[in-house]
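Residues 13 to 157, numbered by this note's numbering, are exactly what the sequence shown covers, in order.
Written out below as structure tokens is the structure these notes cover.
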Amino acid sequence: MPFHLTDDPLKMTAILYQITHAAGVTTSHLAGESLSGHRMVTLNAQSEVVLVGKEDLGTTVVVGMTLHAAAAGEAIKIASVGPVTDANWMWDTSKRSLFLRDNGQISQTPPTSGFLCVIGYCVSQTQIFITVQAPIRLYQPETLS
């Protein structure tokens, strides 16, 4: 008899969500360029990891955060969802949301132009939780001359 937790698809989805988000989801890819740790990335046409910035969100998708540095051609681990900790971080816990900025950087200050993309939230001063949301194009009124 096969093992199963429930026949209810909603309960199964909730259970899988909790398991996945407790442990996090990481994958390994080849770096398509030199990458620093804790940068948001996407995949290029060759399925290599490259930096993504808020300016790229009209044409690409954020796949996650690098967990360490790597040179072009080296393997690199990416966190797509889940907790990431760094003892050197000092996040302001009064500002929960984290936003994608230029060159794969993250910030607690939302951008004022281009796209706004929440990539997760801070759990503590040294831990964040990656959960990339769909980007939103920010309205830019035309300049009147």
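Note that the Cβ used here is the ideal one computed from N, Cα and C, for glycine as well.
Checklist entry - According to DSSP, what are the bridge partners of R113? => result DSSP, once it has assigned bridges, lists no residue as partnering R113.
Item to check | Alpha carbon of V144 to alpha carbon of A81, nearest angstrom | outcome: 21 Å
Next on the checklist: So within the stretch 94-142, which uninterrupted beta strand (DSSP E) runs reach at least 3 residues, ignoring any that extend past its ends?
Outcome noted: 109-112, 130-134
Item to check | Nearest-angstrom Cα separation, counted from F127 out to L69 | outcome: 7 Å
Item to check | Residue burial classification, H16 (beta-carbon count within 10 angstroms, cutoff 16) | outcome: Confidence is the limiting factor: at H16 the pLDDT is only 47, short of 50, which leaves the residue's position unreliable, though a coordinate-based value still follows. H16 comes out exposed.
Item to check | Nearest-angstrom beta carbon gap, V135 and V93 [assumed within contact, 8 Å] | outcome: So it is not a contact: roughly 13 Å between Cβ atoms.
Item to check | Beta-carbon proximity of D98 to T138, cut-off 8 Å | outcome: yes
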